[in-house]
Structure formats: structure tokens, C-alpha cells
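Data block below; observations after.
In my numbering, the protein residues as written are 12 to 471.
Structure representation (C-alpha cells):
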């Protein structure tokens, strides 16, 4: 079992084999586990979905963790737990809608939807139904921010899928204030929506901000079986023109990501790569190389790869251990506080289902090094890396890694777990690679990324 108290990054030769049994290596930018909480109910799946943001303005991000199969008391209604940011996060609220089999907590996002200067919380309930005929239509709920931090316990607004098995709410993303009216817009994924003649094509739906958000439009490639909207991200200045775009993952038609202008939903590109299988299952974005244009990070967990797409330089691909579901979750953050963004990658099937999280370390040229870690007290089936998020939870100026392990059995079978690794910066440590003993070598050099130009034309 990996030693959680020391995570190291080994500098390997280009061939991937160390040539000197004694070397100096770099410690992880994320430290050992600093805090964790476990789901108390059987099959809660706490940590299935994660986000984090500073809801109370104290400089420390709150953690939002979804447990979509929790029963409290309605069977599998789902709950969302809010933890106050600090060196030792504390549970401050539990949200629910008390509708059985809703999957509430399947996704979450933070935005100032009503423009009052306080952040609000959007939560997806992908299996919600208004009538039996609309089973699994899905829904999204808006919980308004309140003075002093946190959010209201009762949703102020909701929207539903309107089609059986559409699963609206599988993903949510804040778009920011696109029209400068003071209210943030947002988009919601509907991955199992049926287009005319195209079953499970999927789509995204865009909503205006305001006290009562209104639907502004929708977008879809219209490809049968694509499940578009499974994951969503927003990338600023992706094309270098100052305009934001929405990336919409369509992982089940060979794998692709549709790119739309965030302001008018006009289709701009379809990102795809030869030989992919579930490209677009997870998405994140950020300016990873410091050129002023965001890149889009795309997970393909079936092939255990993560792609970094840049309009300027094309595609860089990073490969994890076969069968680990590397790329099932991704997040972007600056774990050292050096101004370079890093990528956090979940691999929940690694080590026989124990799960791992990995850091693609940003060095300004899209990543040179990779390191992995897991937790000593996790076992097969815990699935660390089901979800990942990045934010400054303890207020030290460095982003921290928030990790979900939805199958964790600590308090109850598959109750789930959420944990935090604080960003710590770089520390050089002498390690004997030949006699590492208890210090398991958790790192491996990445293979050279495969690069190609992107095309501008164009719960599975």
C-alpha cells in the first residue's frame, strides 16, 4: 500500500527506466491527506460529485459534495453536504429535496445567478421525475446565497428535463456574466435527450441569470447515442478573440467535444482524436501555458487518457495505467501558488478499484511531469478519484485538491468519502530508488504527448 505521508515525484529517464539507483526527487505539490469525511448511510456515494468555492467571502473555499444515492429518509433522494473552508473543514449544512430516486447531488456548480453579490449553488438531480411517465427526466435546483455565507435550505427555482430518461442535471457549469447585466448565466447538460431521429443524442441548455432564470437556448450535435452534455466546461478566450466558449462532452459516439460560443451558442468546432473511445467523459479548462488563451482538458477513461486541447497548438495526450479509468474526473488549479495551473486527474479503478488521483504539473509548456498517489486506508472498491475539484480550502494562497471516493466503506457500505490534500509547493527529498522500502514509488514519467491540430470545421 502506498505510504500517504510521503508522496514523491521521480524524475525518470526518457525511456521511463531509472538509470541511477540514487537520485533527488521532488515532493508533490499536494501534501498528504489533511482532512476527510465519510458518508454515514449505506450506498450514499458521498463524493460522487464535487465543487468548491468561497461562499462566505472569508478567503477559504467551501466544499460541496454530492451523495446522489443517499436516503434521508426518502429512498435514494440524494443529498448535498456543505463544508466550511478552513484547515479543518466542518459540515455546516445538508441540502435535500425529499423526492425519492431523484439522484440529487449528481452535479453541482457555483454562480451569482441573481446578481446580489452572493454566490448561489446549482445542484443537479439527474433521475428526478415530475410524473411516472417522465421517469429520469432530471432537474436542476437553485439555492440562493445568504448573508454571512452558505445558501438557503429551500430551492428558489428549478427546471426539469421534460422528456423521459433525458437526465437533465448530469452536469452544470457557470458561464459568468456574459451580457454584463450583473447576473451569471449557466448551462446544464441533458445527455440522454432524444433528438428527432437520434436517440440519446444529448444536448446542453443555457439559462439566463436572474431571480427566475429563463431558458435562453440549447445546442446539440444531434448525433444518435452521443450523450452530449455528459460533461460541461467553459473556456475563456479559447480562440484568442476574447469570447468564452462552452465545451460539451459527447463520450458515447466514439468520443468528441462540441465547442459553442457561450454568448450565442453558435457551433465553432468539434474536438476529436483518432482512436478515442470515451473522449469527453470529463472536462475542465484553464490557461495552462500562460498564453492568455484557455485550454480544454478532456478525459477518456475507457482508454485511460487525458487530452489537453489548445486552439493555438493542438492536442497533447497523457496516458495513465491501463484499466485504471484515468481521466474519469479532471480539475484545474494552481497547487503551488506559482501562477502555473496544474491538472488533477482521477483514476477510480486504479489498484484494483482502490483508486488514485494524479497531478499533471504545469510548467508553462503544457506539462512535463506526472505523479500519482493513493490513500493507505482505502481498499478495493472505494474508487478514489470518482470526482476531483481544486480550490483554496485553507486560505493559504495555494489551491488544494478535493477528492471523492464514492465507494468508500468506512462508516457504511459504499457510503463514500471526500478528502482534502493541501497545496504545499515543492520540496526536494533524497530517495534511494533501489531501496525505497516503505516509500512506494508513486510517480512515473509521462510518455511524449502526441500532438495534432484540432478541427475548426466542424451515466452511459
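C-beta: ideal position from N, C-alpha, C; glycine also.
The region 191-211 and the region 233-244 touch, with no fewer than 3 CB-CB distances between them shorter than 8 Å. Three or more beta-carbon pairs separated by less than 8 Å are not found between the region 67-87 and the region 179-189, which leaves the two stretches without contact. Burial state of residue 79 is buried, judged by a 10 Å Cβ sphere holding 16 or more other Cβ atoms. With fewer than 16 other beta carbons inside 10 angstroms of its own, residue 165 counts as exposed.
With respect to residue 138, residue 112 sits close: the two C-beta atoms are nearer than 8 Å. Non-local C-beta neighbours of residue 214 in its own chain, meaning closer than 7 Å and more than five positions away in sequence, comprise 201, 204, 229, 230, 231, 239 and 240, ordered along the chain. Residue 52 is a Cβ neighbour of residue 423, given a cutoff of 8 Å. Cβ-Cβ distances below 6 Å link residue 171 to 141, 148 and 150 in the same chain, with the five nearest sequence neighbours on each side left out; the list follows chain order.
Contact annotation: residue 57 and residue 427 have beta-carbon atoms nearer than 8 Å. As a beta-bridge residue in DSSP terms, residue 229 pairs with 216. Put simply, of 412, 425 and 402 the residue whose alpha carbon is nearest the alpha carbon of residue 389 is 425. Taking the Cβ atoms as the reference, residue 185 lies roughly 4 Å from residue 122, within the contact range of under 8 Å. Distance from the CA atom of residue 95 to the CA atom of residue 286, rounded to whole angstroms, is 43 Å. Taking C-beta separations shorter than 7 Å and ignoring five residues to either side along the sequence, the partners of residue 64 in its chain run 72, 73, 121, 130 and 402, following chain order.
Here residue 277 is exposed, its C-beta having fewer than 16 other C-beta atoms within 10 Å.
Under the DSSP definition of a beta bridge, residue 257 partners with 245 and 271. The alpha carbon of residue 77 has as its nearest neighbour, out of 400, 369, 330 and 420, the alpha carbon of 400. Cβ-Cβ distances below 6 Å link residue 415 to 58, 61, 397, 398 and 429 in the same chain, with the five nearest sequence neighbours on each side left out; the list follows chain order. In the three-state reduction of the DSSP assignment, residue 362 falls in the helix class, which pools H, G and I. In the assembly as shown, residue 143 is an exposed residue. Its beta-carbon has fewer than 16 other beta-carbons within 10 Å. For residue 372, the uninterrupted beta strand (DSSP E) segment begins and ends at 367-372. In this structure, the CA atom of residue 274 is about 8 Å from the CA atom of residue 190. By alpha-carbon distance to residue 176, the top candidate from 136, 193 and 100 is 136. Exposed is the label assigned to residue 105, since fewer than 16 other Cβ atoms lie within 10 Å of its Cβ. A direct Cα-Cα distance of roughly 17 Å separates residue 327 from residue 369. Per DSSP, residue 90 is one residue of the beta strand (DSSP E) stretching across 90-95.
Non-local beta-carbon contacts of residue 392 in its own chain, meaning distances under 6 Å to residues more than five positions away in sequence, involve 364 and 418 in chain order. Using a 10 angstroms sphere on the CB of residue 409, the tally of other CB atoms reaches 16 or more, which defines it as buried. Per DSSP, residue 328 is one residue of the beta strand (DSSP E) stretching across 325-330.
When Cβ pairs closer than 8 Å are counted between the two stretches, the region 338-348 is seen not to touch the region 264-273, the count staying below three.
Under DSSP, residue 48 shares a beta bridge with 429. About 14 Å separates the Cβ atoms of residue 296 and residue 302, ruling out a contact at the 8 Å cut-off.
The three-state secondary structure of residue 174, taken from DSSP, is coil. In the DSSP assignment, the residues bridged to residue 201 are 214.
Within the model, the alpha-carbon separation for residue 100 versus residue 413 is close to 11 Å. Leaving aside the five residues that flank residue 45 on each side, the residues in its chain whose CB is nearer than 6 Å to its CB run, in chain order, 431 and 433.
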